[in-house]
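Colleague:
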Amino acid sequence: MKPGQLHQILQPKMLEIQKYLIRLGAPAADAEDIVQDTVYKALLYIDSIDENKFSAWLYKVAINRYYDLCRRSKRIVIPIDYVDVPDMELPEDHVLLKEKREDIERVLDELLPLHKQLIIMKYELELSYQEIAELLGITTDTVKSALFRARKQFQKKYRGEAE
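So for the sequence shown, full-length UniProt numbering puts the first residue at 1; every next one is plus one.
1. Roughly how many angstroms separate the alpha carbons of Ala31 and Tyr20, rounded to a whole number?
2. Closer than 6 angstroms by C-beta to His115: which residues in its own chain qualify, once you throw out the five before and the five after it? Chain order, please.
3. Compare the C-alpha of Glu16 against each of Ile49, Leu97 and Leu58 and name the closest.
4. Excluding five sequence neighbours on each side, which residues of the same chain lie with their C-beta closer than 7 angstroms to the C-beta of Tyr129?
5. If you check the beta carbons only, do Ala62 and Ile34 fall under 8 angstroms apart?
6. Looking only at its own chain, which residues have a Cβ that is under 6 angstroms from the Cβ of Ile49, when we skip the five neighbours before and after it?
7. Alpha carbon to alpha carbon, how far is His7 from Leu112? Give it in angstroms, no decimals.
8. Measuring straight from C-alpha to C-alpha, what distance separates Lys60 and Pro27?
9. The alpha helix (DSSP H) spanning residue 172 covers which residue range?
10. Applying the criterion that 16 or more other CB atoms from any shown protein chain within 10 Å of the CB defines a buried residue, is Lys100 buried or exposed?
11. In the DSSP assignment, find the unbroken alpha helix (DSSP H) run with Ala42 in it and report its ends.
12. Any idea what DSSP makes of Thr139, helix, strand or coil?
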């Protein structure tokens with residue numbers, strides 16, 4: 001793809017994608033950042049992107065970045081200074097913790113094998129997306145999307161048991 005041709009394709013798509021992200025719920029500033037990241041990735045991978053699928057590729061990258069942003073913003077970090085830590089462990093806490101672990105193991109056993117494997121690698125082994133991708137012989141993006149589905153499946157099954 002030639003630079004002039006790239007500019008002709010990117011210019012209208014950038015605004016289109018930004019509007020789409022805002023419709024999905026992204027704040028305008030975040031949508032603009034995501035579009036800039038998407039263009040940057042497009043420039044990095046320009047040689048490997050099929051010209052016929054370029055527009056779809058741009059949307060896919062932008063949407064994935066938006067979902068990453070949504071997942072990150074849901075995490076709330078509470079400094080340890082603000083948490084009341086009991087001085088001693090109660091026997092009931094030990095029993096409750098054991099029951100919760102058993103529930104988690106039961107739900108993990110119900111998941112698809114790949115989903116179980118991904119959750120264990122990410123949360124028990126604390127591997128990065130890149131490390132998981134290398135171990136499984138798949139792309140990092142595939143790891144991210146499969147892990148997202150695995151978490152959703154886990155949450156659905158775990159809530160179903162708890163209710």
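We put the beta carbon where it would ideally sit given N, CA and C, even for glycine.
Modeller: According to the structure data:
1. 9 angstroms
2. Ala150 and Gln153
3. Leu58
4. Thr140, Val143 and Lys144
5. yes
6. Trp57
7. 43 angstroms
8. In a straight line, the C-alpha of Lys60 is about 18 angstroms away from that of Pro27.
9. For residue 172 there is no data in the structure shown, the boundaries of the chain being 1 and 163.
10. exposed
11. Ala28 to Leu44
12. coil
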